[in-house]
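A.B. asks:
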Amino acid sequence: MYLAYGNEEELGAAIRASSVPREKLYVVTKLNGWKKQDVQNAFDTSMKKLGLDYVDLYLIHAPFFAEKAEDLQEAWATLEAIKGSGRAKSIGVSNFIQEHLETILATAKITPAINQIEYHPYLQHGNLVEYHHKNNIALSAYAPLTALIRARPGPVGALYANLASKYGVTEGDIALRWCIDQNIVAITTSSSEERLKSYMANVWSFKLASEEIEGISMMGKQKHFRAFQNQWIAEGDWR
465 MYLAYGNEEE LGAAIRASSV PREKLYVVTK LNGWKKQDVQ NAFDTSMKKL GLDYVDLYLI
525 HAPFFAEKAE DLQEAWATLE AIKGSGRAKS IGVSNFIQEH LETILATAKI TPAINQIEYH
585 PYLQHGNLVE YHHKNNIALS AYAPLTALIR ARPGPVGALY ANLASKYGVT EGDIALRWCI
645 DQNIVAITTS SSEERLKSYM ANVWSFKLAS EEIEGISMMG KQKHFRAFQN QWIAEGDWR
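Note that my numbering gives residue 669 to position 205 of the sequence shown, counting from 1, and the numbers run on in steps of one.
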């Protein structure tokens, strides 16, 4: 559950009203990454709204609040203290590129567990995936279906369709599997419960061949498209 969108109180109430044991849930919330604030107070406010003793993952939503390197480093140090208190089982970041990660790692005692970024064939971020693997930071892709939903037509369209026919799945399944087969955690949403169930059933029923993964990657590099954070990132910066 991703709880950084003005819905912490409602989701906390839903958790309490459900019959699902807390340990069966994986709860994630985020620190606002667009304005400077007291990080500890922000976390305490989120926990009060959620009504929980701990979250499974706490993320810095974006690095854009930072005016200097020390701002990122101090925020991360507070997350480390929160993890040390046991109130966040894991800590990580979101929308960070290599330079932001390098800034944190220069002073970090704990390496970020994960970085959640927009990732799809039209936004592959150069060498960022390799950097994550090298530094043992898990990578999570949000908006992995962008090439199908927001950026059509495009060069991967026909390849998605051909692979979907080959494996007897949907083009969405192919887009998700392309991430998974690169050891990237794929996150998607849907207004349809049945579609989500279909994804869960289908994406584990096949694996893309290495040449198919590379084919999608190469075709994707023919087009650049960013769906989110455009107001914070310089035009033409595809890192």
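Beta carbons: idealized from backbone N, C-alpha and C, even for Gly.
Reducing DSSP to helix, strand and coil, say where Asp508 ends up.
C.D. replies: Note: Asp508 maps to helix in three-state DSSP.
A.B. asks: Is the separation between the beta-carbon of Ile651 and that of Ala605 shorter than 9 Å?
C.D. replies: Their beta carbons are under 9 Å apart, which means Ile651 touches Ala605 by this criterion.
A.B. asks: What does the alpha-carbon distance come out to for the pair Asp520 and Ala541?
C.D. replies: For Asp520 and Ala541, the distance between alpha carbons rounds to 18 Å.
A.B. asks: Who are the near neighbours of Ile638 in its chain, counting only those whose CB is closer than 7 Å to its CB and skipping five residues on each side?
C.D. replies: Tyr624, Leu627, Ala628.
A.B. asks: Going by C-alpha distance, which of Leu612, Gln504, Glu635, His525 is nearest Thr493?
C.D. replies: That would be His525, whose Cα lies nearest to the Cα of Thr493.
A.B. asks: Under DSSP, the alpha helix (DSSP H) around Gln537 begins and ends at which residues?
C.D. replies: Counting along the chain, the alpha helix (DSSP H) containing Gln537 begins and ends at 533-549.
A.B. asks: Please look up how many angstroms separate the CB atoms of Leu523 and Ala530, rounded, as I've assumed it's under 8 Å.
C.D. replies: Their Cβ separation, rounded to whole angstroms, is 15 Å, which puts Leu523 and Ala530 out of contact at 8 Å.
A.B. asks: With a threshold of 8 Å, are at least 3 pairs of Cβ atoms found where one atom belongs to the region 662-677 and the other to the region 492-507?
C.D. replies: No contact exists between the region 662-677 and the region 492-507.
A.B. asks: Measure the alpha-carbon distance for Ser482 versus Trp668 and round it to whole angstroms.
C.D. replies: Approximately 28 Å, taken between the alpha carbons.
A.B. asks: For His688 and Asp517, I'd like the C-alpha separation in whole angstroms.
C.D. replies: Roughly 42 Å between the two C-alpha positions.
A.B. asks: Can you say whether Ser696 is buried or exposed, counting buried as having 16 or more other CB atoms within 10 angstroms of its CB?
C.D. replies: This sequence places Trp at residue 696; Ser is not what is there. Counting Cβ neighbours within 10 Å, Trp696 comes out exposed, since fewer than 16 surround it.
A.B. asks: Using DSSP with H/G/I as helix, E/B as strand and the rest coil, what is Asp423?
C.D. replies: There is no way to answer for residue 423, as the model of the chain reaches only from 465 to 703.
A.B. asks: The beta strand (DSSP E) that contains Gly556, what's its start and end?
C.D. replies: Element bounds for Gly556: 552-558.
A.B. asks: Output the boundary residues of the beta strand (DSSP E) element that contains Gln706.
C.D. replies: Not covered by the structure: residue 706. The range shown for the chain is 465 to 703.
A.B. asks: In chain order, what residues of the same chain have a beta carbon less than 6 Å from the beta carbon of Glu590, not counting five sequence neighbours either side?
C.D. replies: Reading the sequence as shown, one finds Gly at residue 590 and not Glu. Contacts found: Arg703.
A.B. asks: Is Leu521 helix, strand or coil by DSSP?
C.D. replies: Leu521: strand per DSSP, three-state reduction.
A.B. asks: Could you have a look at Ile677 and say whether DSSP puts it in helix, strand or coil?
C.D. replies: Residue state, collapsed to three classes: helix.
A.B. asks: Could you give the distance in angstroms between the alpha-carbon of Glu534 and the alpha-carbon of Ala622?
C.D. replies: Going from the Cα of Glu534 to the Cα of Ala622 covers about 46 Å.
A.B. asks: By DSSP's criteria, Leu603 is part of a beta bridge. Which residues make up the other side?
C.D. replies: BP columns for Leu603 point to Asn579.
A.B. asks: Name the two residues that bound the continuous alpha helix (DSSP H) containing Val593.
C.D. replies: Looking at the DSSP string, the run of the alpha helix (DSSP H) that includes Val593 is 592-598.
A.B. asks: Alpha helix (DSSP H) containing Asp568: first to last residue?
C.D. replies: It is worth fixing the name first, because residue 568 is Ile in this sequence and not Asp. Run containing Ile568: 562-569, per the alpha helix (DSSP H) assignment.
A.B. asks: Cutting at 6 Å between CB atoms, please list the residues of its own chain near Ala615, excluding the five before and the five after it.
C.D. replies: Hits under 6 Å: Tyr586, Phe689.
A.B. asks: Anyone know if the C-beta pair for Val503 and Pro527 falls short of 9 Å?
C.D. replies: Not a contact, by the Cβ cut-off of 9 Å.
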